[in-house]
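A.B. asks: To get my numbering, take the position in the sequence shown, counting from 1, and add 997.
Every residue, glycine too, gets a C-beta built ideally from N, C-alpha and C.
Please read these numbers as outputs of a predicted model, since none were measured by experiment.
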Amino acid sequence: MWSELVDTSGTPSEQARRLLFLLFPTDVAESFYREFGDIVAAARAQASTELLNRQAAAMDAWHQNVVASQLREIRVPVLIATGTEDIVIPPSNALKLVNAIACLAQFPDGGHAFIAQYPRALADLINSFLALSTAHNAE
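1. What does a CB cutoff of less than 6 Å around Val1037 pick up in its chain, not counting 5 residues either side in sequence?
2. Verify whether the separation of the beta carbon atoms of Leu1127 and Ala1078 is less than 9 Å.
3. Give me, in chain order, the residues of the same chain whose beta-carbon lies closer than 7 Å to that of Ala1042; leave out the 5 immediate sequence neighbours on both sides.
4. What residue ranges within the segment 999 to 1053 form continuous alpha helix (DSSP H) runs of no fewer than 4 residues, ordered along the chain?
5. Under a three-way DSSP split, which group does Ala1099 fall into?
6. Can you round the beta-carbon distance between Arg1123 and His1109 to whole angstroms, since I take them to be within the 8 Å contact cut?
7. Is Thr1079 helix, strand or coil by DSSP?
8. Phe1018 to Ala1026, Cα distance in whole Å?
9. With distances taken between CB atoms, is the gap from Thr1131 to Asp1106 smaller than 9 Å?
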């Protein structure tokens, strides 16, 4: 998965297609590619290889940083939202976090970019979570 995510080979259109199919389930990715593929390809064409390499290095450094031992130190309410079909960050990772610190919301058939699939539902969830968290902290 990682090699596909950081792969800068091919035309901008090929890169856009590869990226969208990593971020969304197949049927959604196909639809997004038809509708937005040119926009994503244009953005990929403008992104320098140096910028993409820096982003890959930042993601790699984040993965190398051992934060699991710090999770139990979190003392504020935490909301974790994930797509059930995320292939970049498996939903099972969210379950591990929930067991440690948080509340979980899963979005059916959602990929890594489920925020684009369910913008209203996610916004409503976040607003409700923040309202409850604010009320809880005020007590």
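C.D. replies: Walking through what the data contain:
1. The residue you call residue 1037 lines up with position 40 of the sequence shown. Taken in chain order, the residues that qualify are Ala1013.
2. Working through the sequence shown from its first residue, we reach residue 1127 at position 130. Working through the sequence shown from its first residue, we reach residue 1078 at position 81. Their beta carbons are not under 9 Å apart, which means Leu1127 does not touch Ala1078 by this criterion.
3. Numbered from 1 along the sequence shown, position 45 holds the residue referred to as residue 1042. Result list for Ala1042: Pro1009, in chain order.
4. With a minimum length of 4 residues, the continuous alpha helix (DSSP H) runs that stay inside the segment 999 to 1053 are 999 to 1002, 1009 to 1020, 1023 to 1043.
5. Translated into the one-based positions of the sequence shown, residue 1099 becomes position 102. The DSSP-derived three-state label of Ala1099 is coil.
6. On the sequence shown, residue 1123 is found 126 positions in, with the first residue counted as 1. On the sequence shown, residue 1109 is found 112 positions in, with the first residue counted as 1. The question names Arg, but residue 1123 is Ile in the sequence shown. Incorrect: roughly 18 Å between the Cβ atoms, too far for contact.
7. As a position in the sequence shown, residue 1079 is number 82, starting the count at 1. Strand.
8. In the sequence shown, counting from the first residue as 1, residue 1018 sits at position 21. In the sequence shown, counting from the first residue as 1, residue 1026 sits at position 29. Computed Cα separation, rounded: 5 Å.
9. Working through the sequence shown from its first residue, we reach residue 1131 at position 134. Working through the sequence shown from its first residue, we reach residue 1106 at position 109. For Thr1131 and Asp1106, no; Cβs fall outside 9 Å.
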